[in-house]
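J.: Take this structure first; my questions come after.
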Amino acid sequence: MSDLHTELKKSIIEQLNLEDMEASEIENDEHLFGDGLGLDSIDALELIVLLEKDYGIKLTDPNQGKEIFNSINTMADFIEKNRTR
Amino acid sequence: MSQDLFIQSSITIRNSKIWKNGDLIFGKENEIDLSKFLKTIYRHANLKYPKFFKMDSLSKLGYLGTEILTSGNISNKETALVFANSASSLDTDEAYAETMQDFPSPSLFVYTLPNIMLGEISIRHQLNSENVFFVSREFDPSLFIDYCKALFYQKKVDNVLCGWVDLHNNDYDVFLWQIALSGGTEFNEEELKKLYLPTHE
Numbered sequence: 002m003s004d005l006h007t008e009l010k011k012s013i014i015e016q017l018n019l020e021d022m023e024a025s026e027i028e029n030d031e032h033l034f035g036d037g038l039g040l041d042s043i044d045a046l047e048l049i050v051l052l053e054k055d056y057g058i059k060l061t062d063p064n065q066g067k068e069i070f071n072s073i074n075t076m077a078d079f080i081e082k083n084r085t086r
Numbered sequence: 005m006s007q008d009l010f011i012q013s014s015i016t017i018r019n020s021k022i023w024k025n026g027d028l029i030f031g032k033e034n035e036i037d038l039s040k041f042l043k044t045i046y047r048h049a050n051l052k053y054p055k056f057f058k059m060d061s062l063s064k065l066g067y068l069g070t071e072i073l074t075s076g077n078i079s080n081k082e083t084a085l086v087f088a089n090s091a092s093s094l095d096t097d098e099a100y101a102e103t104m105q106d107f108p109s110p111s112l113f114v115y116t117l118p119n120i121m122l123g124e125i126s127i128r129h130q131l132n133s134e135n136v137f138f139v140s141r142e143f144d145p146s147l148f149i150d151y152c153k154a155l156f157y158q159k160k161v162d163n164v165l166c167g168w169v170d171l172h173n174n175d176y177d178v179f180l181w182q183i184a185l186s187g188g189t190e191f192n193e194e195e196l197k198k199l200y201l202p203t204h205e
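Protein sequence lines, in the order shown, are assigned to chains P and Z.
Here the first sequence is numbered in the numbering used here, starting from 2 and rising by one per residue.
Here the second sequence is numbered in the numbering used here, starting from 5 and rising by one per residue.
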C-alpha cells in the first residue's frame, strides 16, 4: 500500500467523521459509496473539498465524481495524475 | 382547553451529567469537553447509529437526549416534537462561517438550522408528525404549555416530545420531556420549573 493510499484513508476517516474506523479496515478496491463504505451525497461533496484542499485538484465536471470516488484505488490514481501540490 | 396533560418522563443533560426522571444516571466528576462528552455518552449508552458522527453538536445533544429518554423507542409515530433554545444553531453557523474563509464545509452547512435536529430525530424514529423549533431568550414554560395545549385541543396529537436544547460556546443545557393525556406529573408551569431548575445553575 502506497503512502498516498494510507494518507487518503486517514483523511477520509477524519474528514467524514468515521470515528470507529481504522485506515487498515478500508480495502483499496472497496466501493466508497452504496454497499461499500456507505458514504452519502454530502460525503461526496466533502471528498471534492478534500481533493481541492489537499491536492489542489478542482473538479469541473461533477459527472467525473462517480468514477473518481469509486474506491481508494481510483482516487489515488486520479490524484497521482492530476495533483498540483 | 380544559384537557389535563401529564409529563410522563424527563431528562436533563448538563455539566457532563445526565439525570433521568430526577435520578443521576451518568456523571463525570470533572466536567469534560463537549465533543468528548458526547462520544462518551454515545458509547456508554451502547448506541449504534453511524449517522451520529455526521451530526453537529446541537443535533447530537437532541439525539442522545431522545435516545436515553425513550430508551431508543418512540412507538407512537405521530408523536409531535416541540423544541426551543436561545442560540439557534449559532455554534455551527460560526464554525461554518470560519470554513468560508477557505473551503466551505458541506457537512457543516447541512446543520446550519436548529430544526435539522428535529429532522434527525424524526428520521431516526420514522416520525411523520408535526414538529416546530422556537428560538426564545430563555427557557419559557408557558411557550411549551400554550403550544402543546393547542396541539392537543385541536386533536392533532396524543403524544408530544418537548425539548429545550441549547448550545453556545460549548455551554449546553438540555431538558427533554414527554407529554401525554395520562400518567406522571401534571403538565403545568410550576411542575416544569421544578423539573428544569434543580440541576440548573
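Cβ coordinates follow ideal geometry from the N, Cα and C atoms, glycine included.
Predicted, not measured: the structure shown is a model, and the values here were computed from it.
#1: Give me the chain P residues within the contact set of Z/Phe57, using Cβ-Cβ distance strictly less than 9 Å, ordered along the chain.
#2: Just to confirm, is the Cβ distance from Z/Leu185 to Z/Leu9 under 8 Å?
#3: Whole angstroms are fine: how far does the CA of P/Lys54 sit from the CA of P/Asp78?
#4: Going by DSSP, what residues sit across from Z/Arg47 in a beta bridge?
#5: Suppose you measure from the CA of P/Gly66 to the CA of P/Leu46; what does that come to, to the nearest Å?
#6: What is the C-beta distance between Z/Val86 and Z/Val139, in whole angstroms, given that I count them as a contact (C-beta under 8 Å)?
#7: Whose Cβ in chain P lies nearer than 7 Å to the Cβ of Z/Ser111?
#8: For the beta strand (DSSP E) holding Z/Arg18, just list the boundary residues, first then last.
#9: Excluding five sequence neighbours on each side, which residues of the same chain lie with their C-beta closer than 7 Å to the C-beta of P/Arg86?
#10: Tell me whether P/His32 sits in a helix, a strand or coil according to DSSP, three-state version.
#11: Rounded to a whole number of angstroms, what is the C-alpha to C-alpha distance between Z/Phe191 and Z/Ile183?
#12: Please confirm whether P/Glu53 has its beta-carbon closer than 8 Å to some beta-carbon of chain Z.
#13: May I have the straight-line CA-CA distance separating P/Thr7 from Z/Phe41, to the nearest angstrom?
#14: Quick one: residues in its chain with C-beta nearer than 6 Å to the C-beta of Z/Leu68, no 5 flanking neighbours on either side, listed in chain order?
#15: Near Z/Gly187, what residues of its chain come up, given a Cβ to Cβ distance below 6 Å and the 5 sequence neighbours on each side ignored?
#16: On the criterion of 16 or more Cβ atoms from any shown chain inside 10 Å, does P/Lys88 qualify as buried, or is it exposed?
#17: Could you check whether the stretch 45-59 of chain Z touches the stretch 150-165 of chain Z, counting it as contact only if at least three pairs of C-beta atoms, one from each stretch, sit closer than 8 Å?
#18: For Z/Ser111 and Z/Ala84, what's the separation of their Cα atoms in angstroms?
#19: Mind checking P/Ile73: buried by the 16 CB within 10 Å criterion, or exposed?
#20: Leaving out five residues before and five after Z/Thr189 in sequence, what residues of the same chain have Cβ atoms less than 6 Å from its Cβ?
#21: From P/Val50 to Z/Lys197, what does the alpha carbon distance come to, in whole angstroms?
#22: Quick one: what does DSSP say Z/Phe191 is sitting in, helix, strand or coil?
#23: What would DSSP say about Z/Ala101, mapped onto helix, strand or coil?
#24: Between Z/Phe107 and chain P, is the shortest Cβ-Cβ distance under 8 Å, so that the two count as touching?
#25: Going by Cα to Cα distance, which pick from Z/Lys21, Z/Tyr176, Z/Cys166 and Z/Glu193 is closest to Z/Ala91?
#26: Bridge partners for Z/Tyr176 per DSSP, in chain order?
#27: Where DSSP assigns a beta bridge to Z/Val86, which residues make up the other side?
#28: Tell whether a beta-carbon distance below 8 Å holds between Z/Thr70 and Z/Ile22.
#29: Looking at Z/Leu199 and Z/Trp181, is the spacing between their C-beta atoms short of 8 Å?
T.: Here's the rundown:
#1: Leu17, Asn18, Leu19, Glu20 and Asp21
#2: yes
#3: 17 Å
#4: According to DSSP, Z/Arg47 bridges with nothing at all.
#5: 10 Å
#6: No, Z/Val86 and Z/Val139 are not in contact; Cβ-Cβ is about 13 Å, not under 8 Å.
#7: Ile43 and Glu47
#8: Phe10 to Arg18
#9: Tyr56 and Gly57
#10: coil
#11: 7 Å
#12: yes
#13: 29 Å
#14: Ile45
#15: Phe10 and Gln12
#16: Within the shown structure, residues of chain P are numbered from 2 to 86, placing residue 88 of chain P beyond reach of any answer.
#17: no
#18: 27 Å
#19: buried
#20: Ile11 and Glu195
#21: 46 Å
#22: coil
#23: helix
#24: yes
#25: Z/Tyr176
#26: Z/Leu171
#27: Z/Val136 and Z/Cys166
#28: no
#29: yes
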